[in-house]
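Number of protein chains: 4
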Amino acid sequence: MTEHREKDSTKLIIEKEPDVEKPVFIEGLTGIGHIGRTAVSYLIDHKNATKFGELISDHFPHWAIVNEDKELDILKNELYYLKRDGKKDLVLLVGDAQSLDPQGHYEIASVLIEYLNEIGVDEMITIGGYGTGEPVEDKPKVFGVTTSDKDKKPYKDIEIDFEHSIGQIIGATGLILGIGERFDMNGIALLGETSGILVSDPKATESVLEKVDELLDLDVDFENLEEKINESEEIIKKIKQIHDQVKGQQKTDDEPQSKDLGYIG
Amino acid sequence: MTEHREKDSTKLIIEKEPDVEKPVFIEGLTGIGHIGRTAVSYLIDHKNATKFGELISDHFPHWAIVNEDKELDILKNELYYLKRDGKKDLVLLVGDAQSLDPQGHYEIASVLIEYLNEIGVDEMITIGGYGTGEPVEDKPKVFGVTTSDKDKKPYKDIEIDFEHSIGQIIGATGLILGIGERFDMNGIALLGETSGILVSDPKATESVLEKVDELLDLDVDFENLEEKINESEEIIKKIKQIHDQVKGQQKTDDEPQSKDLGYIG
Amino acid sequence: MTEHREKDSTKLIIEKEPDVEKPVFIEGLTGIGHIGRTAVSYLIDHKNATKFGELISDHFPHWAIVNEDKELDILKNELYYLKRDGKKDLVLLVGDAQSLDPQGHYEIASVLIEYLNEIGVDEMITIGGYGTGEPVEDKPKVFGVTTSDKDKKPYKDIEIDFEHSIGQIIGATGLILGIGERFDMNGIALLGETSGILVSDPKATESVLEKVDELLDLDVDFENLEEKINESEEIIKKIKQIHDQVKGQQKTDDEPQSKDLGYIG
Amino acid sequence: MTEHREKDSTKLIIEKEPDVEKPVFIEGLTGIGHIGRTAVSYLIDHKNATKFGELISDHFPHWAIVNEDKELDILKNELYYLKRDGKKDLVLLVGDAQSLDPQGHYEIASVLIEYLNEIGVDEMITIGGYGTGEPVEDKPKVFGVTTSDKDKKPYKDIEIDFEHSIGQIIGATGLILGIGERFDMNGIALLGETSGILVSDPKATESVLEKVDELLDLDVDFENLEEKINESEEIIKKIKQIHDQVKGQQKTDDEPQSKDLGYIG
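Chains as they are written, first to last, in our numbering: chain A, 1 to 265; chain B, 1 to 265; chain C, 1 to 265; chain D, 1 to 265.
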């Protein structure tokens, strides 16, 4: 079964129907410290989740990515599910791209939310980072922002921190939760405390994963996290590398000088 | 009743039919001195107007806002109505967001105007500020710009000032009035004289409110205006805060560097 | 009769059917030296052409214009026709706005061309300027660029200059002619030689008008041209004024900081 | 036969059905060192390929190009085919324009791929350059990036180099191959090693052409390549010239100041 759900310039390709019942949805895309992407990617590998779909969009950056085998693919987000006995099933979104333009962020979040609504998701966890601009000396905190009227006690019980002054959440981490609430899905954004200086932040990623572990009773083994984080760093460095490369080229050869090259999903 | 009116990427969600007859429409969104937003917000609270709808758009900034309870919502404009005995009913639009891109301004204004036309609006007041670039020493003036062939005498009688050199009105305050006229709605843009240096301008807001009060016989009590303005400043500061935050992050972590982050609705 | 022809976000509103047969189309919008706009505007007034339609677009700048009576209107292009006995009828496009974004330029030109094709236009003259970057001491030349395989002799006979190195024609002046050719309309772009320093260029405008006069046997009286040009300058100054005004505001009050404010149609 | 295939704002105009069977597709558009455009243009001329279609798009730059006869045309990509006895037929795309905006890159690639899929293409070669930022002293290398699981041996046998650290391929060269793979077309991107300083790079172009010659058994005569490259330089210089011209104008006369003028397809 391959099912396409389209809205304007964004396609959701469902390769097989996910075997889940009222699953919890977890989002982890690239962003500050790449905390969401790394955490969800680790969960998928560690728990051996099953891939069932992809999201591709004309709003993603206009280049194809080359892997270590010198083979290329277009940018995409991937959907996985994890069937669990006696525990809440999971649906996970992971990926190296977010929209380059503001409108695309809304379009992509809307395409996704409509699908999640159809498959019965009513609870969401979106993962990102909060850059303090200063080195984080102690164990990084995990800040929480919930949908409206959500009981914060269970979150406070596991030391998710609500004593922050976060005013906005940019991109998918904020919009998926905000639009989701309008479809009666509720939940929390978990934002790992990070300096904002590091390409990826292993300690903040671990802090967030611990909270996800406790919230969903995942029994996460943190042993291979370091290895995973190193892997992530390689990919993230490659994504960053395009900046200088593209900028260098532009001065000399009229390669596309997009307004948007500043953003690597 | 929930009714959706869509045009491309902008949705108007009507939660309940407004109980109004040939109402006057009043617009107050964020902008210079946040005069429109603060004035209309005060009227809504003070007169206990009834919320009946929301406007959301993919053209709004691509982030969700976090309130003091650490709960988030996407950006929106809100529609209220006020039923009045023996006086003109009112429909009010208030909100913290305008379109990030030029096309969105037209789209949002068009979606709105088509709806206002359906519910019988034939008179409009849009509220904004006019930045002089210099400190305003005396009581701030209120400048007027009307639709074509509108009799200016009633406005001049209450000292709305037409001795100005305003050449354009940017965004919703101008486009709603200009597009509205093409649907046979007419009216006036009231622009409070402001230095343009202040985050919000209480004195200019009060000047404009006095004119709206006189025009519509609203019997406004200005007692709590100061308090309302302080509240507004808190929200506006939070909106502004994202600038530095986002800019700070971009230097270090490749968060979205939108061309449009310079504009906070 | 009001007929709407729409394509995406551009509307052509035909107020009454133009009384023309195989008319020549003449375009004059704002641009370098505002030569096209001023020349066509003069022809319309001088020959008392009849207005029959308007073009409005979401791609135009997102502000409304205030006239000297302190009344506002949205930006638009206007269509006029001139019925002539024993001579070719004319259809003229004049206006203060062009698209803010590249895509809009194509969309607007396409909407227009499809309509011009329907009403039998097979010959076009588009008018613009060519900025040399240096003062123009002598009578300004008029440079020509034609559609493919167009006989240049009639143009050369009246001293339209083809000894130039113009490589591209930006915006409506180029795209209307280029897209028009694909609908079997052919013609010429007339580009007045201008320094590019002047807000408007009366001498270059006169040079171009003389060529249009000769091409179409218009019997133009140049007596009131100076007055018309002064009028144009007032409007053009107002259009320019928004630059500084908007820029001034942006530093202090978070008014929309569009990427596109740099372009005034 | 003229067949139009449209998707949003991009049109593929098929002038006559190409006489090909399971052809190999070769792409060569402007870009770094203009290697793709020059190489494919040379093949078309040299092998006398037959033009059968054009692609035009609202996402192309918003200006028309003037040729040496002072005649203008809008920007376009052109499709050619080459019927070969006993060898694979070819379909070639060449052109001076790519999309100005990220979304357009996806749209144009999608329109193209859907058509190529219909006419039976299952093998693709896209051609571009890779800027090293340093002078290339020796014979320029040709770097390869393939679609997934493509056997690299035939490519390595003719010394296409896979020992590189290319992380992304921007624009058509990457997206056509990446999107093509999703339609079961596979192939290779050939990227000529170039400093990135040269307007066009004859040596890198020759290196790439040699590989294409070997891959497709084209029997290329390199004798006239130098002449072709000189021709290309003329066109490319004209394309570049608009930069300064437009920038110069903008300071003085409010010509369109697009965010995107930095990119010349």
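Just so it is clear, CB atoms sit at the ideal spot from N, CA and C, and this is done for glycine as well.
Classification of residue i by the beta-carbon crowding that lies within 10 angstroms, buried from 16 upward
i	result
residue 184 of chain A	exposed
residue 222 of chain C	exposed
residue 181 of chain B	buried
residue 135 of chain D	exposed
residue 158 of chain A	exposed
residue 156 of chain A	exposed
residue 22 of chain D	exposed
residue 86 of chain C	exposed
residue 9 of chain D	buried
residue 154 of chain D	exposed
residue 120 of chain C	exposed
residue 99 of chain A	buried
Cα-Cα separation, residue i to residue j
i	j	result
residue 161 of chain B	residue 141 of chain B	7 Å
residue 128 of chain B	residue 190 of chain B	6 Å
residue 15 of chain D	residue 52 of chain D	5 Å
residue 145 of chain B	residue 210 of chain B	17 Å
residue 179 of chain D	residue 123 of chain C	42 Å
residue 70 of chain D	residue 102 of chain D	32 Å
residue 138 of chain B	residue 111 of chain B	39 Å
residue 193 of chain A	residue 47 of chain A	25 Å
residue 174 of chain C	residue 43 of chain C	21 Å
residue 26 of chain C	residue 225 of chain B	56 Å
residue 109 of chain D	residue 11 of chain C	29 Å
residue 198 of chain C	residue 63 of chain D	23 Å
residue 149 of chain D	residue 67 of chain A	12 Å
residue 186 of chain B	residue 177 of chain B	7 Å
residue 220 of chain B	residue 214 of chain B	9 Å
residue 18 of chain C	residue 118 of chain C	12 Å
residue 36 of chain A	residue 218 of chain A	17 Å
residue 147 of chain C	residue 188 of chain B	47 Å
residue 166 of chain D	residue 31 of chain D	16 Å
residue 114 of chain D	residue 234 of chain A	34 Å
residue 169 of chain A	residue 164 of chain C	54 Å
residue 28 of chain A	residue 61 of chain B	21 Å
Residue i at chain F interface by Cβ criterion, 8 Å
i	result
residue 145 of chain B	Protein chains A, B, C and D are contained in the structure displayed, whereas chain F is not.
Under the three-state DSSP convention, the category residue i falls into
i	result
residue 273 of chain B	Not covered by the structure: residue 273 of chain B. The range shown for chain B is 1 to 265.
residue 41 of chain C	helix
residue 10 of chain A	strand
residue 222 of chain D	helix
residue 28 of chain D	strand
residue 208 of chain B	helix
residue 216 of chain D	helix
residue 86 of chain B	coil
Beta-carbon separation (whole angstroms), residue i vs residue j, contact threshold 8 Å
i	j	result
residue 75 of chain A	residue 96 of chain A	6 Å
residue 58 of chain D	residue 107 of chain C	6 Å
residue 125 of chain D	residue 20 of chain D	Actually they are not in contact, since the Cβ atoms of residue 125 of chain D and residue 20 of chain D sit about 15 Å apart, beyond 8 Å.
residue 33 of chain C	residue 204 of chain C	6 Å
residue 207 of chain C	residue 229 of chain C	The Cβ separation is near 13 Å, so there is no contact.
residue 94 of chain B	residue 77 of chain B	7 Å
residue 79 of chain C	residue 89 of chain C	No, residue 79 of chain C and residue 89 of chain C are not in contact; Cβ-Cβ is about 13 Å, not under 8 Å.
residue 132 of chain C	residue 195 of chain C	6 Å
residue 212 of chain A	residue 39 of chain A	7 Å
Unbroken stretches of the beta strand (DSSP E), 3 residues or longer, contained in the region 109 to 195 of chain C: Given a length threshold of 3 residues, each whole run of the beta strand (DSSP E) inside the region 109 to 195 of chain C is given here in chain order: 123 to 131, 142 to 146, 168 to 170 and 186 to 194.
Runs of beta strand (DSSP E) wholly within the region 50 to 84 of chain D (minimum 3 residues, chain order): DSSP runs (the beta strand (DSSP E)) wholly in the region 50 to 84 of chain D: 50 to 57, 63 to 66, 72 to 74 and 77 to 82.
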